[in-house]
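Structure record follows, encoded as structure tokens.
Protein chains: 4
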Amino acid sequence: MENQITFRTDVTVELVDAMASDKAVTKAARVSSGAEDLPERDAGLINYLMRDRHGSPFEHNSFTFRIEAPIFVFREFMRHRIASYNEESGRYKQLDPVFYIPGPSRNLIQTGKVGAYEFIPGTVDDTKLVQQILMDRSDAAYSAYLTMIDNGIAREVARMVLPVNIFSSMYVTMNARSLMNFLSLRTKDEASTYPSFPQREIEMVAEKMEAYFSSWMPVTHKYFIQNGRVAP
Amino acid sequence: MENQITFRTDVTVELVDAMASDKAVTKAARVSSGAEDLPERDAGLINYLMRDRHGSPFEHNSFTFRIEAPIFVFREFMRHRIASYNEESGRYKQLDPVFYIPGPSRNLIQTGKVGAYEFIPGTVDDTKLVQQILMDRSDAAYSAYLTMIDNGIAREVARMVLPVNIFSSMYVTMNARSLMNFLSLRTKDEASTYPSFPQREIEMVAEKMEAYFSSWMPVTHKYFIQNGRVAP
Amino acid sequence: MENQITFRTDVTVELVDAMASDKAVTKAARVSSGAEDLPERDAGLINYLMRDRHGSPFEHNSFTFRIEAPIFVFREFMRHRIASYNEESGRYKQLDPVFYIPGPSRNLIQTGKVGAYEFIPGTVDDTKLVQQILMDRSDAAYSAYLTMIDNGIAREVARMVLPVNIFSSMYVTMNARSLMNFLSLRTKDEASTYPSFPQREIEMVAEKMEAYFSSWMPVTHKYFIQNGRVAP
Amino acid sequence: MENQITFRTDVTVELVDAMASDKAVTKAARVSSGAEDLPERDAGLINYLMRDRHGSPFEHNSFTFRIEAPIFVFREFMRHRIASYNEESGRYKQLDPVFYIPGPSRNLIQTGKVGAYEFIPGTVDDTKLVQQILMDRSDAAYSAYLTMIDNGIAREVARMVLPVNIFSSMYVTMNARSLMNFLSLRTKDEASTYPSFPQREIEMVAEKMEAYFSSWMPVTHKYFIQNGRVAP
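Those protein sequence lines, which keep their order, are chains D, S, U and Y.
The numbering used here applies: residue 70 is where the first sequence begins, and numbers increase by one.
The numbering used here applies: residue 70 is where the second sequence begins, and numbers increase by one.
The numbering used here applies: residue 70 is where the third sequence begins, and numbers increase by one.
The numbering used here applies: residue 70 is where the fourth sequence begins, and numbers increase by one.
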């Protein structure tokens, strides 16, 4: 039997649609204050809103992403409740044989104490070991999945055998405030006011989302960083 | 002293920005099912999602409205928690002398029992009475407000004297699912599966919002109506 | 190597704590209406609130559950955003070898069309096939997990090999309104106004949650059923 | 006509019900980590969760308050969306003649710049002026309200004349995480990491809520303060 199985070491993030700009932040903020709309003061206003944690003006916008990532990433992602989700369903369709394995640059060894783990590189053999085990087990699991499907077992039952490194895809829609909260928790940065220790794979997703964010709302992004990556 | 006071019998709803289409609903839904993207089946899919209350595909969109309405309308509006708000603040700016009075077509007399009130027209004298009282009291309240301001009293204290028929303005951002929930509760329609008895003034706001909604998402709106105005 | 692996065909739901009663619903509702607190009218009031979808009085209560179920159940569960979660983390602890397999009464064969699937029993051989495959693959996956752990690979990496039928546990806290929404979507009942087709395993969780709910809020539960299991 | 009007300079906060303890925080946190339940380490764990902003373990609890405060306070309060509300309705009942006026200790004069206003005491005459104006206008407004009611005008129309210093009452239910967010924004404290400049009257409500919070969850409250009153 030929699975044509695919192993990936990366993730995909595409921007499907967006309604977002720095200008919309300042316009919304000025509804509250009644202040005159002065473009030359926009940057200062955004800095002030970010610094003093006036978050609501950052909500009048919307980003829709299509994301491909392994299930263990989506499990963490969906803990973020101020967002809208539609994920590929293993109940409604047969899942494709695409699985995640850590690439050579993925740190594999955990050190440090609870709550502040650090990850350091493994040896080349460590990477080989992990990749080989994951490839073997993914392949065997997917074969078992197909065997059950071929025997008429319901997809929702057959999928129980699949490991959490199988890829899934989803649409997710968030506003900039929720997105900044996501980024503050799902990226690691020495300069953050509050430390975060995300799993590398969700950080890979977050980094790609942040690139879109900084492109659409560069001033907001700049002051998000300058103010310690604390979501307002 | 000249207040240049304004009395309005209407409300304002402007669409500031939108990211919305029927197509985005079906694209999000097909992420889940993995079904082929067939435009000729879009209407049927939207009807199915609405009827069986699969609400999440209706969330990947966004409408930002600027609304001018009296405070008693905003008090009801902001009970809707799946939305983003920025409202004019009486702490940061001096409020303008614009007040709501019921127009001639506004039913003034309440009949029926708790939970299912009906409103019927009053006499011409009823309308005159209400308008005259509201105009007199609004004018007196606003003069008192200015007196306190002129005496150096903080705006946030002076505003305590103002009645709930004073106008305010706000930005509000919602997705279509939350908007349909708002519309189902804030409009009255004999054909609704679940009856709602909104105050007329918030219904005036809702009707204007619904016009934008039906213009941007006509198929979604059509099946919202056909399925009894129940938000999915 | 001895995994002492455990296979379960059931789920666990324990009530950790609750603050809930029918009386609290009517007390909250009467804050709005200003009506006298008449115990003899409580049932009628709850029926009215449920029928006309006045949901807010059902929110002033709280249920905390501890749940043990396979990961594929938690994946569906956590799509419910009006709830609070703390789940066992495969990053912070080594996961135990407990896996789900469908019991003899679990229907294995899917019929019907998209959106309205029905499940019918498989043969005894079907059950054997599914159980054997899941046991074999779970055992092999867990051995692979241990091999990686034993070689010093980080837990968060090693866990990638584990299938979605591995058990996890979590605390979840919800109010009665959110709980009724969960029950309406995650149980199948011919008498429901809106049909739902949940996966059997999350329905097993939902049924146990519903038992606690009906015990703490019997009148609310009664009218939830009488009004077609539509969350207000 | 005799209104028997009442003027208050204070607010009321009663705890209706609670399901809350420091212990429930650590139990929920240890579900995630799988760590042993060690009471002697509870305080350290709570400090760690607060400091590094692991907020979810603080959500498995619930406080229901009954609050009496003027409408302008409720307007600010209800901007907090992670909470459940039932408020007295001017559509369903005739409102009582109870109005707020600032007491002698209420600072009346605003200084400083936008976003960082300070309030300083007014003179005795300032207080007299504000109290006298508010009492006169409240009395006149309430008389006008009764006149409309007596003429058969619907309550929801008649109430438009009432000022925002009229008292209302509500039930509000929140968990500790949402409550800490509320307290961080609605109290002023030099030691706060992020400055807040709440209106004094909502701060009066917040202070009474905080007293209940510190009584039910003293360790959580202690570390909330030690960590700069930043909600985790």
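We treat Cβ as the ideally placed atom computed from N, Cα and C, and that holds for glycine.
Bear in mind that the values here come from a model prediction, so they are computed numbers and not experimental data.
With DSSP as the reference, label residue i as helix, strand or coil.
i, result
"Pro108 of chain D", "helix"
"Phe126 of chain U", "One point to set straight first is that residue 126 of chain U is Pro, not Phe, in the sequence displayed. Pro126 of chain U falls in the helix class under three-state DSSP."
"Asp258 of chain Y", "coil"
"Arg298 of chain U", "coil"
"Val199 of chain U", "helix"
"Ser238 of chain S", "strand"
"Asp219 of chain Y", "helix"
"Arg150 of chain Y", "coil"
"Pro139 of chain Y", "strand"
"Arg311 of chain S", "The structure shown does not extend to residue 311 of chain S, since chain S spans only 70 to 301, so no value can be given for it."
"Asp91 of chain U", "helix"
"Ser131 of chain S", "strand"
"Met243 of chain Y", "strand"
"Leu177 of chain S", "coil"
"Ile74 of chain U", "coil"
"Asn252 of chain D", "According to the sequence displayed, residue 252 of chain D carries Leu and not Asn. DSSP places Leu252 of chain D in helix when its eight states are reduced to three."
"Val233 of chain Y", "coil"
"Thr170 of chain S", "Note on identity: in this sequence residue 170 of chain S is Ile, with Thr being the wrong assignment. If DSSP states are grouped into helix, strand and coil, Ile170 of chain S belongs with coil."
"Asp86 of chain S", "strand"
"Thr192 of chain Y", "coil"
Quick one: residues in its chain with C-beta nearer than 8 Å to the C-beta of residue i, no 5 flanking neighbours on either side, listed in chain order?
i, result
"Val274 of chain Y", "Val80, Val82, Ile136, Ala138, Val142, Phe146 and Arg255"
"Met217 of chain U", "Val226, Ala227 and Val230"
"Arg77 of chain Y", "Val167, Phe168, Tyr169, Ile170 and Phe236"
"Tyr186 of chain Y", "Gln179, Thr180 and Phe266"
"Glu157 of chain U", "Leu164, Ser237, Ser238 and Met239"
"Gly53 of chain U", "An answer regarding residue 53 of chain U cannot be provided, because it is not within the stretch 70 to 301 covered by chain U."
"Met70 of chain Y", "Reliability fails at Met70 of chain Y, whose pLDDT of 47 lies under 50, so the model's placement of it is uncertain and no value is given."
For a cutoff of 8 Å on Cβ pairs, would you count residue i as touching chain D?
i, result
"Thr75 of chain U", "no"
"Asp219 of chain S", "no"
"Thr81 of chain U", "no"
"Asn296 of chain S", "no"
Verify the CB distance criterion: does residue i have a CB-CB separation below 8 Å to chain U?
i, result
"Phe293 of chain D", "no"
"Ser101 of chain S", "no"
"Thr133 of chain Y", "yes"
"Ala98 of chain Y", "yes"
"Ile54 of chain D", "Residue 54 of chain D falls outside the range modelled here, since chain D spans only 70 to 301, and no answer is possible."
Rounded to the nearest angstrom, how far is the Cβ of residue i from that of residue j, given a contact under 8 Å?
i, j, result
"Arg246 of chain U", "Gly159 of chain U", "Not a contact, Cβ separation roughly 32 Å."
"Ile178 of chain D", "Ala213 of chain U", "The pair is not a contact, with the Cβ atoms about 18 Å apart (cut-off 8 Å)."
"Asn130 of chain D", "Ala98 of chain D", "About 13 Å separates the two Cβ atoms, so there is no contact after all."
"Ser101 of chain S", "Asn155 of chain D", "5 Å"
"Arg150 of chain S", "Pro301 of chain S", "Their Cβ separation, rounded to whole angstroms, is 18 Å, which puts Arg150 of chain S and Pro301 of chain S out of contact at 8 Å."
Please return the same chain residues whose Cβ sits closer than 7 Å to the Cβ of residue i, not counting the five positions on each side in sequence.
i, result
"Asp86 of chain Y", "Thr133"
"Ile271 of chain S", "Val142, Glu145, Phe146 and Arg255"
"Ala152 of chain D", "Val241, Thr242, Met243 and Ser247"
Any beta carbon from chain S within less than 8 Å of residue i's own beta carbon?
i, result
"Ala93 of chain D", "yes"
"Met286 of chain D", "no"
"Met204 of chain Y", "no"
"Asp86 of chain D", "yes"
"Arg144 of chain Y", "yes"
For residue i, collect the residues of the same chain with a Cβ closer than 6 Å to its Cβ; drop the 5 residues on either side in sequence, then sort them by chain order.
i, result
"His263 of chain S", "Looking at the sequence shown, residue 263 of chain S is not His but Tyr. Closer than 6 Å at Cβ, skipping near neighbours: no residue."
"Pro173 of chain Y", "Thr196"
"Thr95 of chain D", "Asp111 and Leu114"
Under 8 Å, Cβ to Cβ, is there at least one residue of chain Y near residue i?
i, result
"Met70 of chain D", "Residue confidence for Met70 of chain D is low, a pLDDT of 47 falling below 50, so the modelled location carries little weight and cannot support an answer."
"Glu225 of chain S", "yes"
Using a cut-off of 8 Å between C-beta atoms, extract the partners of residue i located in chain C.
i, result
"Ala209 of chain Y", "No chain C is present in this structure, whose protein chains are D, S, U and Y."
Q) Listed from N- to C-terminal order along the chain, which residues in the region 250 to 265 of chain U have their beta-carbon within a distance smaller than 9 Å of any beta-carbon of chain S? A) Ser253, Leu254, Thr262, Tyr263, Pro264 and Ser265
Q. At a Cβ cut of 7 Å, what residues of the region 108 to 131 of chain S count as close to chain D, listed as they run along the chain?
A. Ser125, Pro126, Glu128, His129 and Ser131
Q) When Cβ atoms are compared, which residues of the region 161 to 173 of chain S fall closer than 7 Å to chain D? A) Tyr161 and Lys162
Q | Residues of the region 230 to 242 of chain U with Cβ closer than 7 Å to any Cβ of chain Y, in chain order | A | Ser238, Met239, Tyr240 and Thr242
Q) Going along the chain, which residues of the region 271 to 283 of chain S sit with their C-beta nearer than 9 Å to a C-beta in chain Y? A) none
Q.
Along the region 146 to 157 of chain U, where does the CB come closer than 7 Å to a CB of chain D? Name the residues.
A. Met147, Arg148, Arg150 and Tyr154
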